[in-house]
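Under this note's numbering, residues 348 to 731 are what the sequence shown spells out, in order. For every residue, glycine included, the Cβ atom is placed at its ideal position computed from N, Cα and C. This report concerns only the one structure given below.
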Amino acid sequence: MNAIATNVLNIFTGKFSSAPRVYYSPGRINLIGEHIDYNDGFVMPAAINKGIYYAVAPNNNSTINFYAADFNEIYTVAVTAVTKNLGWKNYVLSVVNEFLLLNKTVKGFDCVFGGDIPRGSGMSSSAAVEGGLAFAINDLFGFGMTRVELALLCQRAEHNFPGVQCGIMDMYANLNGKQGHVILLDCKNITHEYFPLPLEGYKIVLLNSKVHHSLTNGEYNVRRKNCEAGLAVLKEALHINSFREISSADDVTLHKDKMTEEVYQCCKYVVEEIGRTRKAGALLQQNDLAGFGQLMFATHNGLSTLYHVSCKELDFLVEQAAHNKNVVGARLMGGGFGGCTINIVKDEAVDDFVTTVSAAYLQQFKFSPEAYVMELSDGTCCIN
Ligand code: GLA
């Protein structure tokens with residue numbers, strides 16, 4: 348167990364008397380396929396070596412005690428009184444609520460959690476909080492649900508109390524990650540394939556813009572609604588059922604006059620991004636990193652100019668990467684509106700890249716980004 352897990356366990360034993368199990372619940376990166384998990388697309392996430400650690404044990408009564416180590420806050424609630432709340436409490440309470448909605452007999456438990464996913468960084472700390480708790484409850488009370496069922500439960504949890512109408516990507520990656528592998532996830536059929544990430548000589552580097560990304564302010568849901576409105580038009584005009592049946596963004600443009608400009612741009616982005624992800628897997632497997640990197644830059648451009656989920660800080664970071672000969676591809680990662688860029692950088696040039704970009708960023712915005720070199724981990728699991 349690492350220092351964070353040990354700390355979580357020590358807090359638990361200091362507060363509660365039962366012997367807990369300890370779980371690791373990872374954050375995620377996404378190589379390509381952004382904002383298309385809720386549009387029947389394909390995405391390429393992976394679980395990472397930053398995450399949330401949980402210590403959890405049943406307590407033989409009907410009360411749940413949550414202790415959020417990173418906030419130094421405790422919250423106690425009767426199982427029968429679980430209801431919508433605020434902040435971090437919503438993520439854990441919503442997970443319990445979803446088990447209750449399935450008529451699962453959740454009993455009282457004690458729980459301490461904390462981790463090292465920088466908040467608001469777009470590495471999906473919320474899915475890590477939800478996935479870790481769902482996995483622990485399923486494990487401790489013997490509900491026998493599969494990882495895919497748990498991912499779907501967590502997605503409903505995120506829709507419900509926190510109110511973000513997210514896709515399935517984050518919780519799927521959280522629960523189904525595989526060390527050293529990327530998940531090629533088909534978000535329409537909810538099936539996946541793994542493939543090893545052939546990055547010989549390269550590293551995945553995240554640059555955290557430190558612009559706090561939050562999806563609970565409604566902009567994420569607006570994008571989702573725009574896509575729904577556009578799809579309704581395109582279904583009728585093109586006799587299709589899903590964005591993935593549209594092979595060219597020109598077909599969207601043909602029906603532009605039936606949509607608002609905002610809706611049109613969202614749909615154009617979605618069709619183009621689905622097209623990119625169809626090429627991306629093959630390029631990666633052929634080790635064509637240059638080709639893959641170009642797709643990443645194109646994705647960023649679409650997210651910035653069509654989907655409008657970037658910001659000047661993220662654009663700046665990607666621009667810096669584009670001018671650096673040791674970077675093959677870069678783009679904003681996750682929901683956007685702040686958070687991180689993901690960069691594929693030559694091994695020996697990582698330090699130089701981070702130093703150069705950080706200096707330029709500091710000069711431009713008067714604060715520094717943070718860099719993390721990523722490793723791909725297994726999905727949520729019991730570690731002790
Ligand atoms: C957030 C959501 C995901 C996905 C990404 C964008 O992380 O939770 O479902 O839509 O944004 O790709």
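What are the boundary residues of the alpha helix (DSSP H) that Asp457 is part of?
On the sequence shown, position 110 is the one that residue 457 refers to. Here Asp457 belongs to no alpha helix (DSSP H); instead the beta strand (DSSP E) covers 456-462.
Leaving out the 5 sequence neighbours to the left and right, which residues in its chain are closer than 6 Å to Ala668 when beta-carbon positions are compared?
Taking the first residue of the sequence shown as position 1, residue 668 is located at position 321. For Ala668, where only same-chain residues beyond five positions count, the Cβ hits under 6 Å are Val674, Ala677, Asn690.
Mind pulling the alpha helix (DSSP H) runs of 4 or more residues that sit fully within the stretch 599-660?
You should have 608-632, 636-652.
Leaving aside the five residues before and after Met470 along the sequence, list all residues of the same chain whose C-beta is less than 6 Å from its C-beta, in chain order.
Position 123 of the sequence shown, counted from the first residue, corresponds to residue 470. Excluding residues within five positions, the ones whose Cβ falls inside 6 Å are Gly374, Ile464.
Check whether chain C comes within 8 Å of Leu553, counting only Cβ atoms and requiring the distance to be less than that.
Chain labels in this structure do not include chain C; a single protein chain is all it has.
Are the beta-carbon atoms belonging to Leu679 and Tyr549 less than 8 Å from one another?
Within the sequence shown, residue 679 is the residue found at index 332, counting from 1. Within the sequence shown, residue 549 is the residue found at index 202, counting from 1. With respect to Tyr549, Leu679 sits apart: the two C-beta atoms are not nearer than 8 Å.
Please report how far the alpha carbon of Val442 lies from the alpha carbon of Lys451, in whole angstroms.
Indexing the sequence shown from 1 puts residue 442 at position 95. Indexing the sequence shown from 1 puts residue 451 at position 104. Using only the alpha carbons, I get a separation of about 12 Å.
What did DSSP end up calling Arg368 once you bin it into helix, strand or coil?
One-based indexing of the sequence shown puts residue 368 at position 21. It is a strand residue.
Between Gln710, Tyr385, Cys729, which lies nearest to Asp533 when the distance is taken from Cα to Cα?
As a working mapping, residue 533 is identified with position 186 in the sequence shown. Here the closest residue by C-alpha is Tyr385.
Enumerated in chain order, which unbroken segments of the alpha helix (DSSP H) with a length of 4 residues or greater are wholly contained in the stretch 389-451?
Qualifying alpha helix (DSSP H) stretches, in chain order: 434-448.
Closest Cα partner of Gly479 within the set Ile621, Gly489, Gly467, Gly461
Walking along the sequence shown from the start, residue 479 turns up at place 132. Distance check between Gly479 and each of Ile621, Gly489, Gly467, Gly461 places Gly461 closest, using alpha-carbon atoms only.
Tell me whether the beta-carbon of Gly577 lies closer than 8 Å to the beta-carbon of Cys614.
Within the sequence shown, numbered from 1, the residue matching residue 577 stands at position 230. Within the sequence shown, numbered from 1, the residue matching residue 614 stands at position 267. The Cβ atoms of Gly577 and Cys614 sit closer than 8 Å to each other.
Below 7 Å, is the gap between the Cβ of Ser471 and the nearest heavy atom of the ligand GLA?
The residue given as residue 471 occupies position 124 in the sequence shown. Flag set: Cβ of Ser471 near the ligand GLA.
Sort His539, Lys436, Ala579 by Cα distance to Lys525 and report the nearest one.
For the purposes of this step, residue 525 is taken as the residue at position 178 of the sequence shown. Of the candidates His539, Lys436, Ala579, the one whose C-alpha sits nearest the C-alpha of Lys525 is His539.
Phe684 beta carbon less than 8 Å from that of Glu566:
Looking up residue 566 in the sequence shown gives position 219. Looking up residue 684 in the sequence shown gives position 337. In this structure, the beta-carbon distance from Glu566 to Phe684 falls below 8 Å.
Taking C-alpha atoms, which residue in Val552, Leu553, Phe639, Met518 lies nearest to Asn537?
Stepping through the sequence shown from its first residue, residue 537 is reached at position 190. The question names Asn, but residue 537 is Ile in the sequence shown. The shortest C-alpha separation from Ile537 is found at Met518.
With 16 other CB atoms within 10 Å as the buried threshold, where does Asp694 fall?
Position 347 of the sequence shown, counted from the first residue, corresponds to residue 694. By the neighbour-count criterion, in which 16 or more other beta carbons inside 10 Å mark a residue as buried, Asp694 falls on the exposed side.
Ends of the beta strand (DSSP E) at Ile551?
Against the sequence shown, residue 551 aligns to sequence position 204. Secondary structure note for Ile551: its beta strand (DSSP E) is the uninterrupted segment 549-555.
Contact belief for Met391 with Ile530 at Cβ below 8 Å, rounded distance in angstroms
Against the sequence shown, residue 391 aligns to sequence position 44. Against the sequence shown, residue 530 aligns to sequence position 183. That pair is a contact at about 7 Å.
Compute the minimum distance between the beta carbon of His382 and the heavy atoms of the ligand GLA, and state whether it is under 7 Å.
By one-based count along the sequence shown, residue 382 stands at place 35. At least one heavy atom of the ligand GLA is nearer than 7 Å to the Cβ of His382, so yes.
From the DSSP output, in three-state form, read off Asp662 for me.
On the sequence shown, position 315 is the one that residue 662 refers to. Note: Asp662 maps to helix in three-state DSSP.
Between Cys658 and Ser468, is the Cβ-Cβ spacing less than 8 Å?
Position 311 of the sequence shown, counted from the first residue, corresponds to residue 658. Position 121 of the sequence shown, counted from the first residue, corresponds to residue 468. For the 8 Å CB-CB criterion, Cys658 and Ser468 do not form a contact.
Compare the beta carbon distance of Ala394 and Gly726 with 8 Å and say whether it is the shorter of the two.
Taking the first residue of the sequence shown as 1, we reach residue 394 at position 47. Taking the first residue of the sequence shown as 1, we reach residue 726 at position 379. With contacts defined by Cβ atoms closer than 8 Å, Ala394 and Gly726 form a contacting pair.
Throw me the rounded Cβ distance for the Phe389 and Val459 pair, which I believe falls under 8 Å.
For the purposes of this step, residue 389 is identified with residue 42 of the sequence shown, where counting begins at 1. For the purposes of this step, residue 459 is identified with residue 112 of the sequence shown, where counting begins at 1. The beta-carbon distance between Phe389 and Val459, rounded to whole angstroms, is 37 Å. This is too long to meet the 8 Å contact definition.
Quick one: measure Cβ to Cβ for Tyr414 and Lys362, integer angstroms, because I've assumed they're closer than 8 Å.
Here residue 414 refers to the residue found at position 67 when the sequence shown is read from its first residue. Here residue 362 refers to the residue found at position 15 when the sequence shown is read from its first residue. Taking the Cβ atoms as the reference, Tyr414 lies roughly 6 Å from Lys362, within the contact range of under 8 Å.
Please name the residue in Lys672, Phe644, Leu562, Gly622 whose C-alpha comes closest to that of Gly514.
Indexing the sequence shown from 1 puts residue 514 at position 167. Looking at the Cα atoms, Leu562 is the closest of the given residues.
In or out: Arg466 buried (at least 16 other Cβ within 10 Å) or exposed?
By one-based count along the sequence shown, residue 466 stands at place 119. Exposed: under 16 other Cβ atoms inside 10 Å.
Quick check on this structure: which residue in Val610, Arg625, Asn634, Asn521 has the alpha carbon closest to the alpha carbon of Leu653?
Indexing the sequence shown from 1 puts residue 653 at position 306. Per the Cα distances, Val610.
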